[in-house]
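Numbering (the numbering used here), first residue to last: 9 to 133.
Dropping the structure here:
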């Protein structure tokens, strides 16, 4: 199944599908046909359901805010819930040499949730 909403990304991940692949599939469709509806429904919480569920919860919120900004949509309220941010920083790479780059490049919706990713983390080819 190809997810059409961020909520469906979370459902697929909770059922054992790859979070990364589900997110990539969602982004492919969203970039082709961006819509408020794709961001609106609050995704189920993945904290406790996946090994890095807290990261996935924060990532979904950051993605919703960033996509809303990029496509001039209203960001969903659920994306700003306090528990959709990490208490400790998480870096997309464990290489110490890349941490400074990720700190500098990470888009604001990710930084505000203690996620440090590349500037093009949500871009698709």
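Where a beta carbon is used, it is the ideal one built from N, C-alpha and C, also for glycine.
Treat the numbers as computed from the prediction; the structure is a model and nothing was measured.
First through last residue of the alpha helix (DSSP H) which encompasses residue i
i           : result
residue 25  : No alpha helix (DSSP H) holds residue 25; DSSP gives it neither H nor E.
residue 106 : 104-113
residue 61  : 61-78
residue 45  : 45-48
residue 117 : 116-119
Own chain, CB closer than 8 Å to residue i, minus 5 neighbours either side, in chain order
i           : result
residue 107 : 99, 101 and 124
Helix, strand or coil at residue i according to DSSP, with G and I counted as helix
i           : result
residue 39  : helix
residue 88  : helix
residue 81  : coil
residue 93  : coil
residue 123 : strand
residue 58  : strand
Close Cβ partners of residue i (< 7 Å) along its chain, the five nearest in sequence each way excluded
i           : result
residue 18  : 51, 52, 54 and 68
residue 163 : For residue 163 there is no data in the structure shown, the boundaries of the chain being 9 and 133.
Whether residue i touches residue j by CB criterion (8 Å)
i           : j          : result
residue 72  : residue 87 : yes
residue 119 : residue 93 : no
residue 117 : residue 74 : yes
Proximity to residue i [Cα-Cα], best of the options
i           : options            : result
residue 109 : 129, 96 and 94     : 129
residue 48  : 9, 104, 85 and 90  : 85
residue 43  : 78, 29, 114 and 62 : 78
residue 26  : 64, 103, 38 and 36 : 64
residue 115 : 41, 34 and 70      : 70
Any non-hydrogen atom of the ligand SAM closer than 7 Å to residue i Cβ
i          : result
residue 80 : Ligands displayed in this structure: none; no statement on the ligand SAM is therefore possible.
Residues of its chain near residue i, where Cβ-Cβ distance is below 6 Å and the 5 sequence neighbours each way are ignored
i          : result
residue 31 : 17
Neighbour flag for residue i against chain B, beta carbons, 8 Å
i           : result
residue 102 : Looking for chain B here will not work: only one protein chain is present.
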